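**Q**
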Amino acid sequence: MTLVFNPVVYGGFLTTKINNYETTKINNYEVLSDWDSRPSKLITKLDSASGLVILDALSFPYEILNESHWEIPIVFNIPEQLTFDYLVQLFDAPVFQKLTFFDRFVCLDDHLWKKLVNLYGWSQSQRHIATSNDINELLSSVLHQLNSEDQSFSENLEYQAIPYWQQRGEQLASTSPHRAICSVHHDLRFNKSMHRVQEAVLKPQIQSILDHQAESERTYQVLELGCGIGRWAMNFKHPSVRYIGIDISEGMIKKAQRNFPHDQFHMLTDSLIFSYLDESFDITFTVTVLHHNPIESKRLLISELFRVTKAGGKLLFLEDFVATRESKSSTVFPMSILDFVEMVQDITAGQVVLEHMETLRYKHVEQVRSAIIALSKIAIPKRQ
């Protein structure tokens, strides 16, 4: 695995305060000033960048960024001198609404950070903890964190789902979270790109359900299987929604609890049996989890998801369906979409209705095709 570290640092009007900024490109990164922000030069630099550090947020030309540029992991330095209301007014549409779980913020003001988290649902790990407002110390700590994430991960010769994900959570959840939950063999930019593809098909399904919930006066119960470090929890920040995430990895659960202290995250035991009563949740969902499990575990997990979903509730699956298992070390047990749907119908005795199916593909990954499948659980009258 070769992970190239070559971030672009936009210093803007702060560039002259950066020590030796003219020679930084020999250290695998380059600092650009406000004079370098003309579209032709900046875009050329960003096309191959592993990350973008925006030190001077007030002078950066956000309007020149296209969709592919928003796939670049961004570290955004929140201007100290601005109030919360003005920050939101200035950056909401052009920046804040476009950033994801894989982007970070430098914010020295604890009170301001708390207000932004409450509004946007950001995780605690998205905040880069800066100990000083000195621009050189700040840049050094940001670059060190970005570079340290791409550590090696030792994999067993023969893949076994439960011990593998427990080990991966212990090794990577705190130090390299993007590789703990997405592709362990790729860098942050690749994984953010993958996340954005998944988000584009998952968020509309979630929002549709939540819009329906808004018409109800009761609290919706949501369960995510394989929550990892909690990257989808931020999509359920609503006072009438109660989100619970479960995972087989203690390391992942601990990180998720730190990321979202007001949500609930529980350990899933090796038995793969959920510790919840029948029909406890309005929504159950899982993202790229089942395809990492052999058929017996797949069937058990789907059965448990169906069991705890309320009649009339929704089940969402986002999985890889076209791939090949090339060796015993492969972490994927692929099956076709048709075989998956037939398996779900068999497990549930036909008590689900297919409401939506949409295929998706990831950039630069030709051998993998994925899909999101949305099902509704049929209400079957119980015999008296």
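In the numbering used here, the protein residues as written are 578 to 961. Ideal Cβ placement from N, Cα and C applies to all residues, glycine included. Quick caveat: nothing in here was measured; it's all calculated off a predicted structure.
Quick check on DSSP: helix, strand or coil for Ile603?
**A** In the sequence shown, residue 603 corresponds to position 26, counting from 1. Because Ile603 carries a pLDDT of 43, less than 50, the predicted location of this residue cannot be relied on, and the following value inherits that uncertainty. Three-state DSSP puts Ile603 in a helix.
**Q** Cα separation between His869 and Glu735?
**A** One-based indexing of the sequence shown puts residue 869 at position 292. One-based indexing of the sequence shown puts residue 735 at position 158. If you take the alpha carbons of His869 and Glu735, they lie about 13 Å apart.
**Q** Whose CA, out of Thr660, Phe682, Glu657 and Tyr697, lies closest to the CA of Ala670?
**A** Here residue 670 refers to the residue found at position 93 when the sequence shown is read from its first residue. The shortest Cα separation from Ala670 among Thr660, Phe682, Glu657 and Tyr697 belongs to Tyr697.
**Q** Three Cβ pairs or more, each shorter than 8 Å: is that satisfied between the stretch 818-837 and the stretch 883-891?
**A** No, the stretch 818-837 does not touch the stretch 883-891.
**Q** Across which residues does DSSP place Tyr797 in a beta bridge pair?
**A** The count along the sequence shown starts at 1 and reaches residue 797 at position 220. Partner(s): Val818.
**Q** Here's a check: name, in chain order, each residue in its chain whose Cβ is nearer than 7 Å to the Cβ of Ile595, leaving out the five neighbours to either side.
**A** On the sequence shown, position 18 is the one that residue 595 refers to. Gly588, Val608, Ile712, Asn713 and Leu716.
**Q** In the DSSP assignment, find the beta strand (DSSP E) that holds Leu629 and state where it starts and stops.
**A** Looking up residue 629 in the sequence shown gives position 52. Where Leu629 is concerned, the enclosing beta strand (DSSP E) stretches over Leu629 to Ile631.
**Q** Can you give, in chain order, each stretch of the alpha helix (DSSP H) that sits fully within the stretch 651-703 and has at least 4 residues?
**A** As far as the stretch 651-703 is concerned, its whole alpha helix (DSSP H) runs of at least 4 residues are 661-668 and 687-697.
**Q** Ignore the nearest five residues each way along the sequence and tell me which others in Leu845's own chain have a CB closer than 8 Å to its CB.
**A** Residue mapping note: residue 845 aligns to position 268 of the sequence shown, counting from 1. Cβ within range, chain order: Leu802, Ile823, Asp824, Ile825 and Phe851.
**Q** Verify whether the separation of the beta carbon atoms of Asp916 and Ser947 is less than 8 Å.
**A** The residue you call residue 916 lines up with position 339 of the sequence shown. The residue you call residue 947 lines up with position 370 of the sequence shown. For Asp916 and Ser947, no; Cβs fall outside 8 Å.
**Q** Would you mind working out which of Leu895, Val585 and Phe653 sits nearest Gln703, comparing C-alpha positions?
**A** Numbered from its first residue, the sequence shown carries residue 703 at position 126. Nearest C-alpha to Gln703: Phe653.
**Q** Ordered along the chain, which non-local residues of its own chain (more than five positions away) have a Cβ less than 6 Å from that of Phe678?
**A** As a position in the sequence shown, residue 678 is number 101, starting the count at 1. Contacts found: Arg808.
**Q** Could you compute how far the alpha carbon of Leu892 sits from the alpha carbon of Leu867?
**A** If you number the sequence shown from 1, residue 892 lands on position 315. If you number the sequence shown from 1, residue 867 lands on position 290. Answer to the nearest angstrom: the Cα atoms are 13 Å apart.
**Q** Quick check: what's the CA-CA separation for Thr600 versus Ala777?
**A** Along the sequence shown, one-based indexing puts residue 600 at 23. Along the sequence shown, one-based indexing puts residue 777 at 200. Per-residue confidence for Thr600 stands at a pLDDT of 49, beneath the threshold of 50, marking its modelled position as unreliable; the derived number appears in the next sentence. Cα to Cα, Thr600 sits roughly 39 Å from Ala777.
**Q** For Leu591 versus Asp633, is the C-beta distance shorter than 8 Å?
**A** Counted from its first residue, the sequence shown places residue 591 at position 14. Counted from its first residue, the sequence shown places residue 633 at position 56. In contact: Leu591 and Asp633 (Cβ atoms closer than 8 Å).
**Q** Give the straight-line distance between the Cα atoms of Leu882 and His933, rounded to the nearest whole angstrom.
**A** Locating residue 882 in the sequence shown gives position 305, counting from the first residue. Locating residue 933 in the sequence shown gives position 356, counting from the first residue. Approximately 18 Å, taken between the alpha carbons.
**Q** Would you mind working out which of Met920, Cys759, Trp612 and Gly927 sits nearest Val909, comparing C-alpha positions?
**A** Start at 1 with the first residue of the sequence shown, and residue 909 comes out as number 332. When each option's Cα is compared against that of Val909, the closest is Cys759.
**Q** In the structure shown, what three-state DSSP assignment does Asp824 receive?
**A** Taking the sequence shown and counting its residues from 1, the one referred to as residue 824 is at position 247. DSSP places Asp824 in strand when its eight states are reduced to three.
**Q** Looking only at C-alpha atoms, which of Phe673, Thr621, Gly628 and Val694 sits nearest to His839?
**A** Position 262 of the sequence shown, counted from the start, is the residue given in the question as residue 839. Out of Phe673, Thr621, Gly628 and Val694, Val694 has the C-alpha closest to the C-alpha of His839.
**Q** Rounded to whole angstroms, what's the CA-CA distance from Ser709 to Lys692? Just pull it up for me.
**A** As a first step, residue 709 is located in the sequence shown; it is residue number 132 there, counting from the start. As a first step, residue 692 is located in the sequence shown; it is residue number 115 there, counting from the start. Cα to Cα, the separation comes out at about 21 Å.
**Q** Considering only residues of the same chain and omitting the five flanking positions on each side of Ser614, which have a CB-CB separation below 6 Å?
**A** One-based indexing of the sequence shown puts residue 614 at position 37. Around Ser614: Pro638.
**Q** To which residues does DSSP link Met844 through a beta bridge?
**A** For the purposes of this step, residue 844 is taken as residue 267 along the sequence shown, with counting starting at 1. Answer is Asp824, bridged to Met844.
**Q** If you measure between the beta carbons of Phe837 and Ser753, is that distance less than 8 Å?
**A** The residue given as residue 837 occupies position 260 in the sequence shown. The residue given as residue 753 occupies position 176 in the sequence shown. The answer is no: Cβ separation not under 8 Å.
**Q** What first and last residue would you give for the beta strand (DSSP E) that runs through Phe937?
**A** Your numbering for residue 937 matches position 360 in the sequence shown. Before going further, note that residue 937 is Leu rather than Phe in the sequence given. Val929 to Leu937 is the span of the beta strand (DSSP E), which, as asked, contains Leu937.
**Q** Which residues in the same chain as Thr861 place their Cβ atom closer than 6 Å to its Cβ, once the five residues preceding and following it in sequence are excluded?
**A** Translated into the one-based positions of the sequence shown, residue 861 becomes position 284. Excluding sequence neighbours, Thr861 sits near Leu800, Leu882, Thr886 and Leu892.
**Q** What span of residues does the beta strand (DSSP E) with Asp923 cover, start to end?
**A** For the purposes of this step, residue 923 is taken as residue 346 along the sequence shown, with counting starting at 1. From DSSP, Asp923 is part of no beta strand (DSSP E) but of the alpha helix (DSSP H) over Ile914 to Ile924.
**Q** Whose C-beta lies closer than 7 Å to the C-beta of Asp855 among residues of the same chain, with five residues either side of it excluded?
**A** Position 278 of the sequence shown, counting from 1, holds the residue named residue 855. Arg884 and Val885, listed in sequence order.
**Q** Buried or exposed, going by whether 16 or more other CB atoms sit within 10 Å of the CB of Ile872?
**A** The count along the sequence shown starts at 1 and reaches residue 872 at position 295. With fewer than 16 other Cβ atoms within 10 Å, it is exposed.
**Q** Decide if Thr796 is buried, meaning its Cβ has at least 16 other Cβ atoms within 10 Å, or exposed.
**A** Here residue 796 refers to the residue found at position 219 of the sequence shown. When all chains shown are included, Thr796 counts as exposed.
**Q** My assumption, with CB atoms under 8 Å, is that Leu787 sits in contact with His763. Please give the rounded CB distance.
**A** Residue 787 sits at position 210 when you count from the first residue of the sequence shown. Residue 763 sits at position 186 when you count from the first residue of the sequence shown. Actually they do not touch by this definition, with Cβ atoms about 31 Å apart.
**Q** Is it true that the CB of Val918 sits closer than 8 Å to the CB of Ser953?
**A** For the purposes of this step, residue 953 is taken as the residue at position 376 of the sequence shown. For the purposes of this step, residue 918 is taken as the residue at position 341 of the sequence shown. Against a cut-off of 8 Å, the Cβ pair of Val918 and Ser953 comes out as no contact.
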